[in-house]
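Okay, structure first, notes after.
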Amino acid sequence: MTGPPLLQTVGVSKHFPLTRSIGETLSGRRARAIHAVDEVSISMEAGETLGLIGESGSGKTTLGWVVARIHDPTAGRILFEGQDIGKLEGEALRRWRHNVQVVFQDPVGSLDPRLKVWQIVSEPIRAQRRLPIREVRARVQAILPTVGLPTYCLDQYPHEFSGGGRQRISLARALSVDPKLVILDEPTSALDVAVQAQILNRLVSLQRERRIAFVVITHNVAAVRFVADRVAVMYLGQVLEHGPVKEVLERPIHPYTKALLAAVPVPDVSRRKVRYRIGGDIPTLIDPAPGCRFAPRCPFVKDICRKTDPPLVPASHTTNHLVACLRADEVASISPQELLSTAPTGQAPPAPAVTPVVSLS
Amino acid sequence: MTEPVLKVENLSVDYEVGAGVFHAVSNVSFSLPPGRVVGIVGETGCGKSTLGQAIPRLLPEPPAHIRSGKIIFQGTDLVRVPRQKLPMVRGTSIGMIFQEPLNSLNPAFRVYDQIAESIQIRHWREIGDLPMFQPGPTPFDFSRRPVPTAGQVLSKPFLPGEQVQEAARHRLVTRDDYKREVLDYLRLVRINDPETILRLYPHELSGGMRQRIMIAMTLSQKPTLLIADEPTSALDVTIQAQVLTLMKELIEEVHASILFISHDLGVIAEMADDLGIMYAGALVEIGPIAEVFKAPRHPYTKALLRAIPAQYKTDGALPSIPGSVPNLSRLPSGCSFHPRCPLARPICRVNPPPGLPNLPHAAACHFSDEVATLP
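Those protein sequence lines, which keep their order, are chains A and B. The first sequence: position 33 = 129 (the numbering used here), numbered continuously. The second sequence: position 270 = 353 (the numbering used here), numbered continuously.
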């Protein structure tokens, strides 16, 4: 590949400061902050799909919004085709915006119920250029078939559509300005499997025809497997593992990725299995302690994990499979199933929130 | 052959609204043996939640209307139970777990108060202060009760009921008794540090925690039938795995029968013993889950199973079902799946498929024997 990658983030962070109490303000203490995204470095090429997976609260949506410049980054650089767009402002930012479009999470809440479909879909066009209405409508009419909507719905309202239809309107709106990158936030989580398959097929064929790059933010591992070329696994604002989709999903290295994949219910009765489960919930993001973010829940934790931040480096024998784990070489060969056989058998004790457990359930 | 806990026979539920009559559930029959888990799967709008809510008669009537059929719960037809008697069944004998636990918990009360309230209601029922559902063919005395005399009413606290009830009355008296019982239930649902959780409000808990509190509340009523309507859909996968594991362990411990409603075939595969597939309000296939997954007998089941993404982009397009779910007020003639069915023949357009035969694994399709040969 020649030239700079389509999108590259270098140590991008987004912190949301909390309100200081009177005491804190008077004592001049710095405001505590929620570290939603912390020093994330990822890159992707044009026409490629990056899947961002992780639990809620892992910062996937925030990262997507920072890349689209809906949020301003707290630190770090966002390089889009080699240009740092993290500092763009005013008119320059507005003119840049057509490059990156977002399909928002909630297909009901992100469509204005009082606008007709053509008005919704043409909003990005109208924000970029002044055009006569007839031309705007003609453009919308050309876009609708590409997302699988009939052209007669130009003058319908969003409530007349099903969940899948609304998702298509959202997608049409994002595509209306010929973006180079579309960020899809949970594109299929509100949909049934049959409709989900239709939308995912549409995304893949769109990408083939128009060479659009997608960032697919989701917790649905099955959907990511199908659409993505590369996957980044996020946990508590950091990327723990990043690599080609087959590598990450079939040979996961990071213990968190293993746990996440093992937790996905498989629609296969013969594989109904005792699960390797990680105890406890996601800990707080407010000024997190140093060390690996996953250490409190990790079954392989050692003292060093609690003190040193693991860097995101290529795993041994590979160049493009990055992992942020200090013990990557040791845990790489362990599959979640093997993990089970080494675990103590019998009734699992209630999992304490802070102590990591590998337990049979 | 043990008597099923729940037997639904030819149940049909309509919604009568301005836009017309929606046949949300039509002619559904199935039975739920004690200690089994029956899973119901279907797309949005196929009537699976309506079915779940129709069983304890939770649907607002009108607009909902049970057109025909029987819901036989422990020998009693719930359709014929008068409305004012229904609270005896709801919550106590039939417990429900809903999708969004934040909507089901009261935001203004602490966890302790909410679980204690449900324990208190059960306690009142046990000691006879509140009427309780009695299983059997005639659980309710429809005859007019003798009006109590003023003396009976005034002296009621001093005239305890039967001997058994008297023993139960002393079990839960003080606040400490309740606290001990609440803690027991919190430990049952594997909550760490229940003493702290007791004093929290629902908004201070995570989604998985809230769902566990809901399960604790439901179980504290000691239900014989549990209806779980998408209990884990709002949760993350790792949390979902925890809650599912918990529910599986509890099935063993409390011996409840569960009707498990979900749109996620993966979750159902994990939980259910029997699987029912719903399409456009009708149960199109039902059978032991391993058989339904291995050899589906209805084209819709087959298509649904194949639509789950299990491949990479380079492996070609995902098989999807063309078209969309039909409008429940204007169902297609004949078999309601025929417009989307790859196997449709002229007869499917005219004749509705035969009802589910009385087999362990049955499908409502004219050509259910041929489905296996489908591409």
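By construction, the Cβ of each residue, glycine as well, lies at the ideal position given by its N, Cα and C atoms.
**Request:** Indicate whether at least one CB of chain A lies closer than 8 Å to the CB of Gly370/B.
**Result:** In the second sequence, residue 370/B corresponds to position 287, counting from 1. Cβ-Cβ to chain A under 8 Å: no for Gly370/B.
**Asked** What residues from chain A crowd round Ile391/B, counting only those whose CB sits closer than 7 Å?
**Response** As a first step, residue 391/B is located in the second sequence; it is residue number 308 there, counting from the start. What Ile391/B touches in chain A: Val289, Ala318 and Pro363.
**Request:** Please name the residues in the segment 324 to 347 of chain B whose beta-carbon is closer than 9 Å to at least one beta-carbon of chain A, in chain order.
**Result:** Ala324, Gln325, Leu327, Thr328, Leu329, Lys331, Glu332, His346 and Asp347
**Asked** From Ile118/A, Leu277/A and Pro241/A, pick the residue whose C-alpha is nearest to that of His194/A; which is it?
**Response** Taking the first sequence and counting its residues from 1, one reaches residue 194/A at position 98. Among Ile118/A, Leu277/A and Pro241/A, the Cα nearest to that of His194/A belongs to Leu277/A.
**Neighbour list for Glu151/A in chain B, Cβ cutoff strictly below 8 Å** = The sequence position of residue 151/A within the first sequence is 55, counting from 1. Within chain B, the residues near Glu151/A are Asp319, Val320, Thr321 and Ile322.
**Asked** What first and last residue would you give for the beta strand (DSSP E) that runs through Asn110/B?
**Response** Indexing the second sequence from 1 puts residue 110/B at position 27. Start and end: Gly103 to Leu115.
**Message:** Let me check one thing: in DSSP terms, what residues is Asp180/A bridge-paired to?
**Reply:** As a first step, residue 180/A must be located in the first sequence, where it is residue number 84. Note: Asp180/A sits in a beta bridge opposite Leu175/A.
**Same chain only: Cβ atoms within 8 Å of Val317/A, ignoring 5 sequence neighbours per side** = Within the first sequence, residue 317/A is the residue found at index 221, counting from 1. Correct list, in chain order: Ile149, Leu345, Leu356, Leu357 and Val360.
**Request:** Report the three-state DSSP secondary structure of Thr284/A (helix, strand or coil).
**Result:** Working through the first sequence from its first residue, we reach residue 284/A at position 188. Three-state result, Thr284/A: coil.
**Item:** Three-way DSSP call (helix, strand, coil) for Leu387/B in this model
**Value:** Along the second sequence, read from residue 1 onward, the residue named residue 387/B stands at position 304. DSSP places Leu387/B in helix when its eight states are reduced to three.
**Under 9 Å (Cβ pairs) to chain A, residues found in the segment 183 to 214 of chain B** = none
**Asked** Closer than 8 Å, CB to CB, is Lys502/A near chain B or not?
**Response** Because residue 502/A is not part of the residues shown, which for chain A are 97 to 457, the question remains open.
**Prompt:** Which one or two residues does DSSP pair with His111/A in a beta bridge?
**Reply:** The residue you call residue 111/A lines up with position 15 of the first sequence. Paired residue(s): His131/A.
**Request:** Name, please, each residue of chain B whose Cβ falls closer than 7 Å to the Cβ of Arg321/A.
**Result:** Translated into the one-based positions of the first sequence, residue 321/A becomes position 225. Pro392 and Tyr395, listed in chain order.
**Same chain, Cβ closer than 6 Å to His444/B, five either side skipped, listed in chain order** = Here residue 444/B refers to the residue found at position 361 of the second sequence. Counting only Cβ-Cβ distances below 6 Å, and skipping sequence neighbours, we find Gly370 and Glu374.
**Asked** Is the shortest distance between the beta-carbon of Ala293/A and the beta-carbons of chain B less than 8 Å?
**Response** Stepping through the first sequence from its first residue, residue 293/A is reached at position 197. Chain B contact via Cβ: present.
**Asked** In angstroms, rounded to a whole number, what distance separates the CA positions of Val454/B and Ala393/B?
**Response** By one-based count along the second sequence, residue 454/B stands at place 371. By one-based count along the second sequence, residue 393/B stands at place 310. Looking at the two C-alpha atoms, the distance is approximately 22 Å.
**Request:** Give the straight-line distance between the Cα atoms of Ala293/A and Pro113/A, rounded to the nearest whole angstrom.
**Result:** Position 197 of the first sequence holds residue 293/A. Position 17 of the first sequence holds residue 113/A. Roughly 40 Å separates the two Cα atoms.
**Prompt:** What does Arg326/A pair with, by DSSP beta-bridge criteria?
**Reply:** Taking the first residue of the first sequence as position 1, residue 326/A is located at position 230. For Arg326/A, which the question treats as bridged, DSSP gives the partners Leu146/A and Pro340/A.
**Request:** Using a cut-off of 8 Å between C-beta atoms, extract the partners of Ala234/A located in chain B.
**Result:** Here the question's residue 234/A lines up with position 138 in the first sequence. What Ala234/A touches in chain B: nothing, since even the nearest Cβ is about 27 Å away.
**Prompt:** Whose C-alpha, out of Ser303/B, Val408/B and Ser407/B, is nearest the C-alpha of Arg208/B?
**Reply:** Stepping through the second sequence from its first residue, residue 208/B is reached at position 125. For the residues Ser303/B, Val408/B and Ser407/B, the minimum Cα distance to Arg208/B belongs to Ser303/B.
**Message:** With a threshold of 8 Å between beta-carbons, can Thr127/B be considered close to chain A, or not?
**Reply:** Locating residue 127/B in the second sequence gives position 44, counting from the first residue. Yes, Thr127/B counts as interfacial toward chain A.
**Prompt:** Since Pro139/B and Ile177/B are thought to touch, with beta carbons under 8 Å apart, how far apart are those beta carbons, to the nearest angstrom?
**Reply:** Walking along the second sequence from the start, residue 139/B turns up at place 56. Walking along the second sequence from the start, residue 177/B turns up at place 94. Correct: roughly 5 Å between the Cβ atoms.
**Message:** Counting only Cβ-Cβ distances shorter than 7 Å, please list the residues of the segment 404 to 416 of chain B near chain A, keeping chain order.
**Reply:** Ile404 and Ser407
**Prompt:** Checking contacts by CB at 8 Å: is Lys342/A closer than that to chain B?
**Reply:** Taking the first residue of the first sequence as position 1, residue 342/A is located at position 246. With 8 Å as the cut-off, Lys342/A counts as an interface residue toward chain B.
**Asked** When the cut-off is 8 Å and only beta carbons count, does Val350/B lie next to chain A?
**Response** By one-based count along the second sequence, residue 350/B stands at place 267. So yes, Val350/B belongs to the interface.
**Prompt:** Does any CB atom of chain A fall closer than 8 Å to the CB of Asp267/B?
**Reply:** If you number the second sequence from 1, residue 267/B lands on position 184. So no, Asp267/B is outside the interface.
**Item:** Rounded separation between Glu58/A and Val272/B - CA only
**Value:** The structure shown does not extend to residue 58/A, since chain A spans only 97 to 457, so no value can be given for it.
**Alpha-carbon spacing of Leu426/B relative to Leu414/B, whole angstroms** = Start at 1 with the first residue of the second sequence, and residue 426/B comes out as number 343. Start at 1 with the first residue of the second sequence, and residue 414/B comes out as number 331. If I take the Cα positions, the gap works out to 19 Å.
**Item:** Residue from Thr133/B, Met354/B and Asp160/B with nearest C-alpha to Val172/B
**Value:** To locate residue 172/B, count along the second sequence from 1; it is residue 89. Cα-wise, what sits closest to Val172/B is Asp160/B.
**Message:** Determine, for Leu401/B, whether the minimum Cβ-Cβ distance to residues of chain A falls below 8 Å.
**Reply:** In the second sequence, the residue the question calls residue 401/B occupies position 318. For Leu401/B, the answer is yes, since a Cβ of chain A falls inside 8 Å of its Cβ.
**Prompt:** For Ile118/A, which three-state DSSP category applies?
**Reply:** Working through the first sequence from its first residue, we reach residue 118/A at position 22. In the structure shown, Ile118/A sits in a helix (DSSP, three-state: H, G or I).
**Item:** Residue nearest to Pro422/B in terms of C-alpha spacing, selected from Thr397/B, Tyr362/B and Pro306/B
**Value:** By 1-based counting over the second sequence, the position of residue 422/B is 339. Selected option, being the one with the closest Cα: Tyr362/B.
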